[in-house]
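Residue numbers (this note's numbering): 317 to 604.
Ideal Cβ placement from N, Cα and C applies to all residues, glycine included.
Have a look at the structure below, then the notes.
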């Protein structure tokens, strides 16, 4: 009976709770009742450009959440979301400065809290929370940078961004690109998403041409791949090359290849940062 109650508790927690961190340190958790007291619920329309269908959801503004947490907006640099499926997207806070965003918790009109997934081509459950932006006035091409993230269970407001210690513009750009487009699914030494493999162990790191081919056309290289192709930017090949170079520098440090003492010290700082969990230790049930 005790185990049954415990699993029912975990189910209800996963379905409703929102856990919030600042720079990886726990600051507050909200059950559904507490969350609804943060601010006034609003209706937000989401237009899926894949099937050209719109859905209306109901949620609380991210601005109201930040206000309730007493965080200073000027201090926030990135927002990291923790999702039930292991997805951990990093979003620059400037996006939230440009557009109103909402943590929605249900659909309007008693419709199921679902949407059509562009990745799986299936209807997916969005709970516990789903990030929706007010983008009615934007052309769909300009909406793509505003990620609509679902299954959100945790948020980490980052105010102390890690800066790459190596004074190299190529590696710095590779690091920024990796954080924006790779870390959500892939991890490096336990830092990042868990939807896919450890990047430093990838066989494609042995050859730059193969790495570029795989990142731009995953299915062409591996028909079983679930990876989405890299966004079609004008300079995407350079971006991918910079990620390749960064990963190989980190991989070299991992394999203890010959590097000068200064580079080894700097790379150790990078790897230490990657090894620091984004969301800290899970909370015990009685602390939720």
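(message) Between the alpha carbons of residue 502 and residue 518, how many angstroms are there, rounded?
(response) Here the question's residue 502 lines up with position 186 in the chain shown. Here the question's residue 518 lines up with position 202 in the chain shown. For residue 502 and residue 518, the distance between alpha carbons rounds to 11 angstroms.
(message) Please list the terminal residues of the continuous beta strand (DSSP E) segment that includes residue 353.
(response) Here residue 353 corresponds to residue number 37 of the chain shown, with the count starting at 1. Neither: residue 353 is in no beta strand (DSSP E) and is coded neither H nor E.
(request) Could you tell me which residues DSSP pairs with residue 360 in its beta bridges? (result) The sequence position of residue 360 within the chain shown is 44, counting from 1. Beta-bridge pairing links residue 360 to 373.
(message) In the DSSP assignment, the beta strand (DSSP E) including residue 431 goes from what residue to what residue?
(response) By 1-based counting over the chain shown, the position of residue 431 is 115. First-last of the beta strand (DSSP E) with residue 431: 430 to 432.
(message) Beta-carbon within less than 7 angstroms of residue 511's beta-carbon, same chain only, minus the 5 sequence neighbours each way: which residues are those?
(response) Sequence index remark: in the chain shown, residue 511 carries index 195 (1-based). Closer than 7 angstroms at Cβ, skipping near neighbours: 401, 402, 403, 501.
(request) Thinking residue 487 and residue 565 are a contact (beta carbons under 8 angstroms), I'd like their distance in whole angstroms, please. (result) As a working note, residue 487 is residue 171 in the chain shown. As a working note, residue 565 is residue 249 in the chain shown. About 6 angstroms; that satisfies the 8 angstroms criterion.
(request) May I ask you to report which of helix, strand or coil DSSP gives residue 317? (result) Here residue 317 is taken as the residue at index 1 of the chain shown, counted from 1. With a pLDDT of only 43 at residue 317, under the threshold of 50, the placement of this residue in the model should not be trusted; the figure read from the coordinates follows. The answer is coil: DSSP assigns residue 317 none of H, G, I, E or B.
(request) Assuming residue 476 and residue 380 form a contact by the criterion Cβ under 8 angstroms, report the distance between their Cβ atoms to the nearest whole angstrom. (result) Along the chain shown, one-based indexing puts residue 476 at 160. Along the chain shown, one-based indexing puts residue 380 at 64. Contact doesn't hold; Cβ gap of about 24 angstroms is too wide.
(message) In this structure, how does DSSP classify residue 524 when only helix, strand and coil are distinguished?
(response) The count along the chain shown starts at 1 and reaches residue 524 at position 208. Helix at residue 524.
(request) Work out the CA separation of residue 485 and residue 491 for me, nearest whole Å. (result) In the chain shown, the residue the question calls residue 491 occupies position 175. In the chain shown, the residue the question calls residue 485 occupies position 169. When rounded, the distance between both Cα atoms is 10 angstroms.
(request) Could you please give the first and the last residue of the uninterrupted alpha helix (DSSP H) stretch that includes residue 414? (result) Counting from one through the chain shown, the residue named residue 414 turns up at place 98. Unbroken alpha helix (DSSP H) run through residue 414: 410 to 414.
(message) Can you tell me whether residue 472 is helix, strand or coil according to DSSP?
(response) The count along the chain shown starts at 1 and reaches residue 472 at position 156. Residue state, collapsed to three classes: strand.
(request) Specify the secondary structure class of residue 540 as computed by DSSP and reduced to three states. (result) Position 224 of the chain shown, counting from 1, holds the residue named residue 540. Coil at residue 540, not helix or strand.
(request) Go ahead and label residue 436 buried or exposed: buried means 16 or more other beta carbons lie within 10 angstroms of its beta carbon, across all protein chains shown. (result) Counting from 1 along the chain shown, the entry for residue 436 is found at position 120. The residue in question, residue 436, is exposed, as its Cβ has fewer than 16 Cβ neighbours within 10 Å.
(message) Taking contact to mean 3 or more Cβ pairs, one atom from each stretch, closer than 8 angstroms, check whether the segment 444 to 461 and the segment 409 to 419 are in contact.
(response) yes
(message) With a threshold of 7 angstroms on Cβ separation, who are the neighbours of residue 343 within its own chain once the five nearest residues in sequence on each side are excluded?
(response) Counting from one through the chain shown, the residue named residue 343 turns up at place 27. The residues are 336, 337, 385.
(request) Starting from the Cα of residue 364, find the closest Cα among 373, 356, 358, 357 and give me that residue. (result) Looking up residue 364 in the chain shown gives position 48. It is 373 whose Cα lies nearest to the Cα of residue 364.
(request) Identify which residue in 534, 539, 378 has its Cα closest to the Cα of residue 546. (result) Position 230 of the chain shown, counting from 1, holds the residue named residue 546. Residue 546 has its Cα closest to that of 534, out of 534, 539, 378.
(message) Closest to residue 425 by C-alpha separation, out of 559, 377, 360, would be which residue?
(response) Counting from 1 along the chain shown, the entry for residue 425 is found at position 109. Considering only alpha carbons, the answer is 360.
(request) Return helix, strand or coil for residue 343, following the three-state DSSP convention. (result) Residue mapping note: residue 343 aligns to position 27 of the chain shown, counting from 1. Residue 343 falls in the strand class under three-state DSSP.
(request) Using DSSP bridges, identify the partner residues of residue 488. (result) Here the question's residue 488 lines up with position 172 in the chain shown. None, per the DSSP bridge assignment.
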